[in-house]
Amino acid sequence: MSIITNINKVFDHRIRLGIMSILMVNEYADFNMLKELLGATDGNLASHTKALEKAEYIKVEKQFIGRKPNTRYSTTKLGAAEFKKHIDALEKLISKK
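Take 1 as the starting number for the sequence shown in full-length UniProt numbering and just add one per residue.
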């Protein structure tokens with residue numbers, strides 16, 4: 001088995017890595033929170049959340065708060081497990097001597 005076997009291509013981009021990191025330590029995060037924390041543009045954040053949703057790593061909930069639309073995200077069980085495997089693989093790679 002290769003030392004990079006569990007490194008997941010879906011998490012290659014820093015924005016996706018950031019989204020997952022935020023969602024792993026929070027029950028959920030809305031679009032504006034992610035945008036502010038990551039310093040991403042609307043379009044950039046939307047494309048990366050879509051990629052994570054397509055991989056079934058995050059769940060998207062659309063709702064209204066008063067009259068304002070609100071989109072919030074949370075990790076799926078699959079997403080949390082795959083992200084943990086990815087982080088574990090990175091840690092093993094870094095500690096390899």
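The C-beta atom is built at its ideal place from N, Cα and C for all residues, glycine as well.
Across the structure, Met20 and Ala89 are spaced so that their CA atoms are roughly 16 angstroms apart.
With 16 or more other CB atoms across the displayed protein chains lying within 10 angstroms of its CB, Glu82 is buried. Proximity to Lys77 across Lys92, Gly43, Thr71 and Ala55 peaks at Ala55, based on C-alpha coordinates.
Between the region 40-55 and the region 63-70, the count of C-beta pairs closer than 8 angstroms stays below three; the two stretches do not touch. In terms of CA proximity to Ser47, Arg14 leads the group Arg14, Lys84 and Thr5.
Taken atom to atom, the span from the alpha-carbon of Ile58 to that of Gly79 is near 6 angstroms.
For Lys54, the enclosing alpha helix (DSSP H) has its first and last residue at Asp42 to Lys54.
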